[in-house]
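See below for the structure under consideration.
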Amino acid sequence: MRSISVLGATGSIGASTLDLVRRNRDAWRVVALTANCQAEELARLAIEFGAELAVVADEACLPLLRDSLAGTGIEALGGPIALVEAAARPVDLTLAAIVGCAGLAPTMAAIEQGRVVALANKEALVSAGEVMTAAVARHGTTLLPVDSEHNAIFQCLSGNDLGNVRSITLTASGGPFRDWSAEQLAAATPAQAVKHPNWDMGAKISVDSATMFNKGLELIEAHHLFPVALEQLRIIVHPQSVVHSMVEYRDGSTLAQLGPSDMRVPIASCLAYPARMDTPCAPLDLAALGELTFRAPDEVRFPATRLAREAAGAGGAMPAVLNAANEIAVAAFLSGHIAFTRIAVMVEQVLERYAPAPPVSLGDVLAVDAEARAQARALLEFA
Ligand code: NDP
2 MRSISVLGAT GSIGASTLDL VRRNRDAWRV VALTANCQAE ELARLAIEFG AELAVVADEA
62 CLPLLRDSLA GTGIEALGGP IALVEAAARP VDLTLAAIVG CAGLAPTMAA IEQGRVVALA
122 NKEALVSAGE VMTAAVARHG TTLLPVDSEH NAIFQCLSGN DLGNVRSITL TASGGPFRDW
182 SAEQLAAATP AQAVKHPNWD MGAKISVDSA TMFNKGLELI EAHHLFPVAL EQLRIIVHPQ
242 SVVHSMVEYR DGSTLAQLGP SDMRVPIASC LAYPARMDTP CAPLDLAALG ELTFRAPDEV
302 RFPATRLARE AAGAGGAMPA VLNAANEIAV AAFLSGHIAF TRIAVMVEQV LERYAPAPPV
362 SLGDVLAVDA EARAQARALL EFA
């Protein structure tokens, strides 16, 4: 039996992870489950899985969590420090699935355990970059990518030397607006943006998928996970989301990983790593799919991948600035304050105005993140 903590247990990735744990109850002992403020749902999960500890990041939600767990013997804690403490509790595997840079400090605490961290929380790696990869190396941690593209690349690289790689291609569904005109994009609503054609995901990543910032963040994530030159990292639009990414080798061989659009597949590969486990996902039926199509991304209608490539090229703090500005812009779009097309404009404006020194510690990264958010909020006020 292995022990597991799920950070972001009430989210979409949390639900997929716990679904796999539920189907293999004898294999896992659940230690900590966390959420932001969905206290009742968190309590329900903590009771179902017999967790030792449940934590809400938002301290205002702690009384409800305590009430919901009364008499169960499950410890209930609240606040950002408790979140980090929960992530630091020793476990064999931590599933890091908080959304946004809010997941950075707990993810770092999990990494410092020196065990296995399965990372879905891409914003944490994008923001912290070398600060996180250095901690992974320092603590001898195994970092497994949950993101379907990076999980695919990880699988395609298995047993191969990175020095033999010619290029790595991330596939992108193109999101719900991939065929929309610039005029249509300017009028896109939050309800339309969160309706992804292939994947069922949380609101923030769904908007990122619609703007293509998701692919931009993934480009930066890939740059850290698989250290090849930035020019060797490519993006291709593949509307069916069946090929999850590809690695081309110097001899002309290209290896791709295919699978259904269900996050339980990459999550299962992390949970069972280096072995394999069953999932309830229906096998791919390529004959029924008929055809798989590919096209180049359009960086005029969707400037996010250009901005991300530029931020990755600049390095240092710039990916953290890009991520923070994007988080503020996405929240402003979801709450109806700005137009869809303003998200990329705002991110570019913050990147032009704020170029801090490269962070060397977690504290530095969090400071950059806070200031970039402040700059993005200031742009909203003067809109
Ligand atoms: P969701 O919005 O569905 O879930 C987010 C989780 O994080 C919830 O448990 C939420 O708690 C918690 N949370 C939110 N804000 C905070 C905070 N400030 N502090 C602590 N916890 C917080 O997101 P997803 O599951 O879709 O995505 C999670 C991560 O995985 C993201 O980084 C995303 O990019 C990545 N990812 C997601 C994929 C997907 O298919 N969904 C695919 C690949 C990567 P509460 O419920 O209380 O709000």
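Final position of the sequence shown in this note's numbering is 384; the numbers increase by one with none missing.
Positions of the beta carbon are idealized from the N, C-alpha and C atoms, including for glycine.
Give the DSSP-derived three-state secondary structure of Ile5 in the structure shown. Ile5: strand per DSSP, three-state reduction.
Between which two residues does the alpha helix (DSSP H) carrying Ala330 extend? Run containing Ala330: Met319 to Leu335, per the alpha helix (DSSP H) assignment.
Does DSSP classify Ile339 as helix, strand or coil? Taken through DSSP and simplified to helix, strand or coil, Ile339 comes out as coil.
Neighbourhood of Pro198 by C-beta, 7 Å cutoff - its chain only, sequence neighbours within 5 removed: Within the same chain, Pro198 has close Cβ partners Ser174 and Pro177.
Pairs of beta-carbons, one from the stretch 123-132 and one from the stretch 344-364, closer than 8 Å: are there three or more? By the criterion of at least three beta-carbon pairs nearer than 8 Å, the stretch 123-132 is in contact with the stretch 344-364.
Taking 7 Å as the line, does the beta carbon of Trp200 fall inside it for any heavy atom of the ligand NDP? Trp200: yes, Cβ under 7 Å from the ligand NDP.
Within 10 angstroms of the Cβ of His338, are there 16 or more other Cβ atoms? Answer buried if so, exposed if not. By the neighbour-count definition (other C-beta atoms within 10 Å, threshold 16), His338 is an exposed residue.
Beta strand (DSSP E) segments (min. 3 residues) lying fully within the stretch 152-220: Within the stretch 152-220, the complete beta strand (DSSP E) segments of 3 residues or longer fall at 166-173, listed in chain order.
Nearest to Ser149 by CA position, among Val322, Glu382, Val31 and Val266, is which residue? Answer by Cα proximity: Val266.
The stretch 30-45 contacting the stretch 58-70, beta-carbon criterion three pairs below 8 Å: Taking one beta carbon from each stretch, the stretch 30-45 and the stretch 58-70 have 3 or more pairs nearer than 8 Å; the two touch.
Endpoints, alpha helix (DSSP H) assigned at Thr306: Ala305 to Ala315 is the extent of the alpha helix (DSSP H) around Thr306.
Please confirm if the stretch 280-291 is in contact with the stretch 83-90, defined as three or more CB-CB distances below 8 Å between the two stretches. No contact exists between the stretch 280-291 and the stretch 83-90.
Under the three-state DSSP convention, the category Val127 falls into: Residue state, collapsed to three classes: helix.
Taking 7 Å as the cut-off, is the CB of Gly35 close to at least one heavy atom of the ligand NDP? For clarity, residue 35 is Thr in the given sequence; the question names Gly instead. Checking the Cβ of Thr35 against the ligand NDP gives yes.
Could you check what DSSP says for Pro146 in three-state terms: helix, strand or coil? Of the three classes helix, strand and coil, the one that applies to Pro146 here is strand, per DSSP.
Please list the terminal residues of the continuous alpha helix (DSSP H) segment that includes Ser254. In the DSSP assignment, Ser254 falls outside any alpha helix (DSSP H), carrying neither H nor E.
Less than 7 Å between the CB of Asn122 and some heavy atom of the ligand NDP, yes or no? Checking every heavy atom of the ligand NDP against the Cβ of Asn122, one is found closer than 7 Å.
Backbone secondary structure at Glu41 - three-state DSSP: Helix, per DSSP.
In terms of residue numbering, what span does the beta strand (DSSP E) encompassing Ile99 cover? No residue range can be given for Ile99, since it is assigned to no beta strand (DSSP E) and is classified by DSSP as neither H nor E.
Cβ contact (3+ pairs, closer than 8 Å) linking the stretch 312-324 and the stretch 256-271: Result no; under three Cβ-Cβ pairs closer than 8 Å.
Sufficient close CB pairs (3 or more, under 8 Å) joining the stretch 120-129 to the stretch 185-203: No, the stretch 120-129 does not touch the stretch 185-203.
Can you have a look at Leu290 and say buried or exposed, based on whether 16 or more other CB atoms are within 10 angstroms of its CB? It counts as exposed.
Return the residue from the list Leu323, Glu292, Ala297 and Gly317 that minimises the CA-CA distance to Ala305. Nearest neighbour of Ala305 by Cα position, chosen from Leu323, Glu292, Ala297 and Gly317, turns out to be Leu323.
Am I right that Ala1 and Ile237 are in contact with their C-beta atoms under 8 Å? What's the rounded C-beta distance? Since the displayed the chain opens at 2 and closes at 384, residue 1 lies outside it and no answer follows.
Taking Cβ to Cβ, would you say Ile329 is nearer than 8 Å to Ala377? Ala377 is positioned such that its CB atom lies closer than 8 Å to that of Ile329.
Is any heavy atom of the ligand MN found at a distance shorter than 7 Å from the C-beta of Ala58? In the structure on display, the ligand MN does not appear, and the ligands it does have are the ligand NDP.
Can you tell me whether DSSP reads Ala119 as helix, strand or coil? Of the three classes helix, strand and coil, the one that applies to Ala119 here is strand, per DSSP.
Ala273 - containing alpha helix (DSSP H), residue span: Looking at the DSSP string, the run of the alpha helix (DSSP H) that includes Ala273 is Arg265 to Ala273.
Tell me which residues share the same chain as Leu218 and place their Cβ nearer than 6 Å to its Cβ, disregarding the 5 neighbours each side in the sequence. Cβ neighbours of Leu218 beyond the five flanking positions: Lys123 and Val127.
Distance between Ala47 and Thr11 (C-alpha atoms, nearest Å): Approximately 10 Å, taken between the alpha carbons.
I'd like to know whether the C-beta atoms of Arg52 and Leu84 end up nearer to each other than 8 Å. Note that residue 52 corresponds to Ala in the displayed sequence, not to Arg. It is not a contact, given that the beta carbons lie outside the stated cut-off.
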